[in-house]
Amino acid sequence: MIAAHYRLHAGAIGYSAGKYSHFCALYPRQLFVSKSQMENICAALEPLFPCREGAIKTLGELIGDSREDYPSALYLFGHSGTGKTALTRTFLRECSRQQGVRIAQLNAIECYTTKIMLENMLDTLAPRQCTEESVRADNMLEFVEQLRRWHDQGGRSQSFLIAVDNAERLRDMDANVLPVLLRLQQLTSLNLCVILLSQIPFEKFYNKTGLTEVISIHLAQYNKAETQRILGSDFFQVRGHLLEQFSKDVQRLAICEAALTEDFYSNYLNLFLSVFYKACRDVPELQLTARKCFSIYLEPVLDGTVESTDVSRLWRHIAGPLRSALTQIYMRTEKPPEEQEGSAPIEDQSVRKLAQSLELPYYAKYLLIAAFLASHNSANQDKRLFVKHHGKQRKRMQTVNARAKTTEKMSTTLGPKSFTIDRLLAIFYAILEEKVGLTCNLLSQISTLVHLKLLSFVSGEQNIMDGSARLQCTVGLEFVLYIGKVVGFNVRQYLCDFM
Numbered sequence: 000m001i002a003a004h005y006r007l008h009a010g011a012i013g014y015s016a017g018k019y020s021h022f023c024a025l026y027p028r029q030l031f032v033s034k035s036q037m038e039n040i041c042a043a044l045e046p047l048f049p050c051r052e053g054a055i056k057t058l059g060e061l062i063g064d065s066r067e068d069y070p071s072a073l074y075l076f077g078h079s080g081t082g083k084t085a086l087t088r089t090f091l092r093e094c095s096r097q098q099g100v101r102i103a104q105l106n107a108i109e110c111y112t113t114k115i116m117l118e119n120m121l122d123t124l125a126p127r128q129c130t131e132e133s134v135r136a137d138n139m140l141e142f143v144e145q146l147r148r149w150h151d152q153g154g155r156s157q158s159f160l161i162a163v164d165n166a167e168r169l170r171d172m173d174a175n176v177l178p179v180l181l182r183l184q185q186l187t188s189l190n191l192c193v194i195l196l197s198q199i200p201f202e203k204f205y206n207k208t209g210l211t212e213v214i215s216i217h218l219a220q221y222n223k224a225e226t227q228r229i230l231g232s233d234f235f236q237v238r239g240h241l242l243e244q245f246s247k248d249v250q251r252l253a254i255c256e257a258a259l260t261e262d263f264y265s266n267y268l269n270l271f272l273s274v275f276y277k278a279c280r281d282v283p284e285l286q287l288t289a290r291k292c293f294s295i296y297l298e299p300v301l302d303g304t305v306e307s308t309d310v311s312r313l314w315r316h317i318a319g320p321l322r323s324a325l326t327q328i329y330m331r332t333e334k335p336p337e338e339q340e341g342s343a344p345i346e347d348q349s350v351r352k353l354a355q356s357l358e359l360p361y362y363a364k365y366l367l368i369a370a371f372l373a374s375h376n377s378a379n380q381d382k383r384l385f386v387k388h389h390g391k392q393r394k395r396m397q398t399v400n401a402r403a404k405t406t407e408k409m410s411t412t413l414g415p416k417s418f419t420i421d422r423l424l425a426i427f428y429a430i431l432e433e434k435v436g437l438t439c440n441l442l443s444q445i446s447t448l449v450h451l452k453l454l455s456f457v458s459g460e461q462n463i464m465d466g467s468a469r470l471q472c473t474v475g476l477e478f479v480l481y482i483g484k485v486v487g488f489n490v491r492q493y494l495c496d497f498m
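Under numbering that gives the first Met the number 0, residues 0 to 498 are what the sequence shown spells out, in order.
As structure tokens, then:
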């Protein structure tokens, strides 16, 4: 079993069968130590990162023990909120604690120049006896030479792990930074591994000179069941916080102890994700919003007006606050003290202030309105809504009955739907009175809205130019209404729900 474990590790990093046999002959004890140490590290990480057992196991098999040869570079990529940074940081911390590995964790956004990045690496990895002059490096040549000196001074038995977050920023640095980092183990003869973290696949890094192949690990987005499982892992923490909050109110404390069960919290998360999952899959943001809205969901149960098992009445109570919270996803607004102490729902006044204070370019505001209309109108209604001479439409009883919608069936209530960029631009030109050319500046404003989390990609993020990418609008009706007032546009006039 142990031999199979190392054989898997050896095959993953390209070891030959002869080298594998030679290693087993020289270091039989280290092989047992490796498996035990890495098992302990993986066992410590799995409860902290549910639904990431596969990625943890892969990291453990590739890194192994500090006495083994590391792979020269690893590449972890996935969307934001999938646990790349937190998982890598905790993994490196456990390797340093249990194996004595020297680690360096950097963010390429903070290290905005090559010199700052290299000196931060040297400062973190340097032995204690090193002087200030030995942690200085103006370029990659001096950086590699300094690491070689450490190797000659007795650093052969020491292992190093370097993690660089937001690694796509390395493409904007000196041309030799990324190629050297990928071959740093070969250039320095140290047992060293560079772990790059990014949101884009490694194919986007290739340039004319080419790059060394790396082992890529993809952290996919969580599906709905996995997201609910992760949010549900906070149950005991949320329950403890509420019990502490109501410790002086005996009546509410008793109701909270009896009603607040795992099934009750699971039902709440199911309702919560039915509203938020299509618009946001960023787990840290969902955790924050779910905790804020749970006190509102629990309020009628604590007052005794609704039974904890009456899911339909609880849904009617929480539906409005959830839709209001959806308009402020990714946004932090300061609440007055009276709202911070209680659990009042988010007011329209705060949405109005946020919309008015959002400094977007003129055309970006119209693009946001067009995105909202595309997300909340059916595509087969575009001709009737945005074309002046679309012909007469006969009124039938089926059509009349279909439009007599209840609040729960309105498209603005059910949540946003995906749309293509072609449809977004078509609606944009239809609602904009003046004529504007399709320029790079206009298309870049779509990227700005995505960066501000006002729009989000559903699929085809890497295929924007060929038109196959699909987006959805993450802001709510009230937010867009105030944006429409700023530019003098009546949003309700172009929504099927209000026609």
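Note that the Cβ used here is the ideal one computed from N, Cα and C, for glycine as well.
Quantities reported herein were computed from a predicted structural model and do not represent experimental measurements.
Are the beta-carbon atoms of residue i and residue j separated by less than 7 Å?
| i | j | result |
| --- | --- | --- |
| C192 | L160 | yes |
| V143 | L180 | no |
| I426 | A468 | no |
| L268 | L230 | yes |
| L124 | A136 | no |
| N500 | M139 | The displayed coordinates of the chain run from 0 to 498. Any statement about residue 500 would go beyond what the structure contains. |
| Q471 | V457 | yes |
| N190 | S232 | no |
| G418 | A373 | Checking the sequence, you will find Phe at residue 418 rather than Gly. Their beta carbons are under 7 Å apart, which means F418 touches A373 by this criterion. |
| K56 | L218 | no |
| Q184 | S71 | yes |
| L272 | K223 | yes |
| L47 | I194 | no |
| T113 | D171 | no |
| G475 | T326 | yes |
| A429 | F371 | no |
Per DSSP, what kind of secondary structure is residue i in: helix, strand or coil?
| i | result |
| --- | --- |
| Q244 | helix |
| R383 | helix |
| C50 | coil |
| L454 | strand |
| L367 | helix |
| P336 | Note that P336 scores 37 on pLDDT, short of 50, meaning its location in the model is unreliable and no value can be drawn from it. |
| C279 | coil |
| Y493 | helix |
| P470 | The amino acid occupying residue 470 in the given sequence is Leu; Pro does not appear at that position. In the structure shown, L470 sits in a strand (DSSP, three-state: E or B). |
| V32 | Legend: pLDDT at V32 = 39, less than 50; position of this residue unreliable, value from coordinates given subsequently. Note: V32 maps to helix in three-state DSSP. |
| H217 | strand |
| V485 | helix |
| I522 | A query on residue 522 cannot be resolved here, the shown segment of the chain reaching from 0 to 498 and no further. |
| A24 | Bear in mind that a pLDDT of 42 at A24, under 50, signals an unreliable position, so the number given afterwards is only what the model happens to contain. In this structure, A24 counts as helix in the three-state DSSP scheme. |
| I317 | helix |
| I62 | helix |
| N106 | strand |
| L372 | helix |
| R101 | strand |
| L476 | helix |
Can you tell which of the options has its C-alpha closest to the C-alpha of residue i?
| i | options | result |
| --- | --- | --- |
| F478 | I328, D381 and E460 | I328 |
| L44 | P70, E67, T89 and Q145 | T89 |
| R290 | K277, L321, E306 and L424 | L321 |
| A103 | T112, Q97, I430 and R92 | R92 |
| V449 | S79, I62, P49 and G53 | S79 |
| F488 | K277, E432, A166 and T113 | E432 |
| N39 | G63, G239 and V305 | G63 |
| S294 | C279, T113, S273 and Y264 | Y264 |
| S443 | L424, G459 and A429 | L424 |
| A107 | S156, C50, E167 and A85 | E167 |
| C50 | H150, L75, L86 and L61 | L86 |
Looking at the unbroken alpha helix (DSSP H) that takes in residue i, where does it start and where does it end?
| i | result |
| --- | --- |
| H450 | C439 to H450 |
| Y264 | E261 to F275 |
| V249 | V249 to A258 |
| L423 | I420 to I430 |
| R148 | M139 to D151 |
Taking residue i as part of the beta strand (DSSP E), name the residues at either end of that continuous run.
| i | result |
| --- | --- |
| L191 | N190 to S197 |
| V163 | S158 to D164 |
| L75 | A72 to F76 |
How do the segment 192 to 208 and the segment 250 to 260 stand: do at least 3 beta-carbon pairs fall below 8 Å, yes or no? When Cβ pairs closer than 8 Å are counted between the two stretches, the segment 192 to 208 is seen not to touch the segment 250 to 260, the count staying below three.
Do three or more CB pairs link the segment 271 to 283 to the segment 432 to 445 at distances below 8 Å? In the pairwise beta carbon analysis, the segment 271 to 283 is classified as not touching the segment 432 to 445: fewer than three pairs are separated by under 8 Å.
Would you check if the segment 307 to 315 and the segment 357 to 366 touch, i.e. whether three or more CB-CB distances between them fall below 8 Å? Cβ pair count under 8 Å is below three, so no.
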